[in-house]
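*Asks:*
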Ligand code: ATP
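In this note's numbering, the protein residues as written are 953 to 1291.
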């Protein structure tokens, strides 16, 4: 089922939480709404669900204008971070609940068969008789997904479904959700403020700020071509250097880089830690190492340039670098935005 948001607006009292959002979600696509806290992600999801009505614009499900259709008639499944399971029902009863209260009447045997199928899909075979308190947080969210899928939703809406779980479980569930999505192909809208989660999971990432879409694209497009300083900073660690643009080149304390389409004047140069290199001899930005941070996957170095600006970059773990050592930072790749 294709979903289309057409100039959607939502105001709470006088506060405009969603400002003129237009977005197409193709049938079978998994789209992540990504943005900082308060950027309007949940409000958009709730409007798609029918839990909240927009004040302006339209929401279409396929060709049908669903803007005023109530939640029960939209055919959506939800999983929310705090959308608790019924504690007094077993896992199987929780999954069966939607089918039992649905207008579509099913035979008991058909419900049992569907529950078994869903338990297999979410890889919880054998746990159907447990109560929610007897399974882990990650398993509870899998049950919540099975419950949402039980009524064959046309659209699946997930709001920070793994938000309350620890980092390793989140990563496992991410992969698992992607596999389930590939198997079922249900149009899915996923809300998160976790960049890595959005980039790992989604076909397309929609980045929001102050109730507006600031950029959207495949993970590759948004990562390789951020169109604003906000997106650059929001998607990951970035070094920022003040720069000056002259005749198609940006100059920043000893580094220079070709830029396209920027007028001469003050600018800011943004570079990821992985886009900087360190050498003992110049050329480059003269800097002194302030700290060396050892991490499981490598070594991060923080250096201070002569301008006082901090630079972070990654080196191979076997590279012997120490605080106090001087050298030069070169910029392999960067984005430049007008200041
Ligand atoms: P988070 O990641 O923190 O959940 P979000 O991007 O999902 O944030 P929303 O929950 O959509 O953001 O909220 C957007 C803005 O609208 C926020 O400033 C919030 O305070 C405001 N808001 C949301 N719901 C209401 C409400 N029922 N009444 C008043 N203001 C609201």
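Backbone N, C-alpha and C fix where the C-beta goes; we use that ideal spot for every residue, glycine too. Since this is a predicted model, take the numbers as computed values, not measurements.
May I ask you to verify whether the stretch 1257 to 1272 touches the stretch 1231 to 1248, counting CB pairs closer than 8 Å and requiring at least 3?
*Replies:* The answer is yes - the stretch 1231 to 1248 touches the stretch 1257 to 1272, with three or more Cβ pairs under 8 Å.
*Asks:* Expressed to the nearest angstrom, what Euclidean distance is found between the alpha-carbon atoms of residue 1033 and residue 1127?
*Replies:* Taking the straight line from one Cα to the other gives about 18 Å.
*Asks:* When DSSP labels each residue in this structure, what does residue 1152 get in the three-state scheme?
*Replies:* Residue 1152 falls in the helix class under three-state DSSP.
*Asks:* Grouping DSSP H, G and I as helix and E and B as strand, with all else coil, what is residue 1252?
*Replies:* Correct three-state label for residue 1252: strand.
*Asks:* Would you be able to state if there are at least three C-beta pairs under 8 Å between the stretch 1044 to 1058 and the stretch 1140 to 1150?
*Replies:* Not touching, per the Cβ criterion.
*Asks:* With 16 as the cutoff for other CB atoms within 10 Å, does residue 1220 come out buried or exposed?
*Replies:* Buried.
*Asks:* Find the nearest neighbour of residue 1278 within the set 1288, 1291, 1269 and 1263, judged by alpha-carbon distance.
*Replies:* Among 1288, 1291, 1269 and 1263, the Cα nearest to that of residue 1278 belongs to 1263.
*Asks:* Would the C-beta of residue 990 count as close to the ligand ATP, meaning under 7 Å from any of its heavy atoms?
*Replies:* Yes, the ligand ATP has a heavy atom inside 7 Å of this Cβ.
*Asks:* Name the residue from 1059, 1167, 1191 and 1171 whose alpha carbon lies nearest to the alpha carbon of residue 1180.
*Replies:* Minimum Cα distance to residue 1180 is reached at 1167.
*Asks:* Looking at residue 1195 and residue 1283, is the spacing between their C-beta atoms short of 8 Å?
*Replies:* Taking 8 Å as the Cβ cut-off, residue 1283 and residue 1195 do not qualify as a contacting pair.
*Asks:* Just reading off the beta strand (DSSP E) that residue 1202 is part of, what are its end residues?
*Replies:* Looking at the DSSP string, the run of the beta strand (DSSP E) that includes residue 1202 is 1201 to 1204.
*Asks:* Looking only at its own chain, which residues have a Cβ that is under 6 Å from the Cβ of residue 1216, when we skip the five neighbours before and after it?
*Replies:* Around residue 1216: 1197 and 1198.
*Asks:* Quick check on the burial criterion: 16 or more other C-beta atoms within 10 angstroms. Buried or exposed for residue 1133?
*Replies:* That one is buried.
*Asks:* Can you give the Cα-Cα distance for residue 969 and residue 1156, rounded to whole angstroms?
*Replies:* Those two C-alpha atoms are separated by around 22 Å.
*Asks:* What do you reckon, are the CB atoms on residue 1003 and residue 1023 nearer than 8 Å?
*Replies:* Their beta carbons are under 8 Å apart, which means residue 1003 touches residue 1023 by this criterion.
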